[in-house]
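Numbering (our numbering), first residue to last: 1 to 70. In this text, a Cβ means the ideal position worked out from N, Cα and C, and glycines have one as well. Values in this document were obtained by computation on a predicted structure and should not be read as measured data. What follows is one structure encoded as structure tokens, with my remarks underneath.
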């Protein structure tokens with residue numbers, strides 16, 4: 001969604017596109033992190049934290065949809 005300065009919604013994406021955004025972004029970011037961690041394996045906790053953050057964000061989106069009743 002995009003909001004104006006007055007707080008009104010100017011634009012919103014179709015639901016399937018909006019729901020696909022987080023997993024798509026997660027796949028791109030996690031692939032990049034995995035490639036980067038081949039040379040720096042000490043960053044595995046960062047990969048785990050990032051993965052959990054993406055899962056949490058997507059679960060929040062799904063929860064909000066169910067709560068809204070659609």
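I'd like to confirm the pairing. Which residues does DSSP put opposite residue i in its beta bridges?
| i | result |
| --- | --- |
| residue 9 | 3 |
Relative to the C-alpha of residue i, which residue among the options is closest?
| i | options | result |
| --- | --- | --- |
| residue 52 | 27, 66, 37, 65 | 27 |
| residue 50 | 16, 13, 22, 69 | 22 |
Taking just the CA atoms, how far does residue j sit from residue i?
| i | j | result |
| --- | --- | --- |
| residue 59 | residue 32 | 22 Å |
| residue 103 | residue 69 | The structure shown does not extend to residue 103, since the chain spans only 1 to 70, so no value can be given for it. |
| residue 4 | residue 64 | 22 Å |
| residue 18 | residue 54 | 14 Å |
| residue 11 | residue 67 | 22 Å |
| residue 25 | residue 14 | 17 Å |
| residue 20 | residue 34 | 21 Å |
| residue 39 | residue 7 | 46 Å |
Leaving out five residues before and five after residue i in sequence, what residues of the same chain have Cβ atoms less than 6 Å from its Cβ?
| i | result |
| --- | --- |
| residue 43 | 37 |
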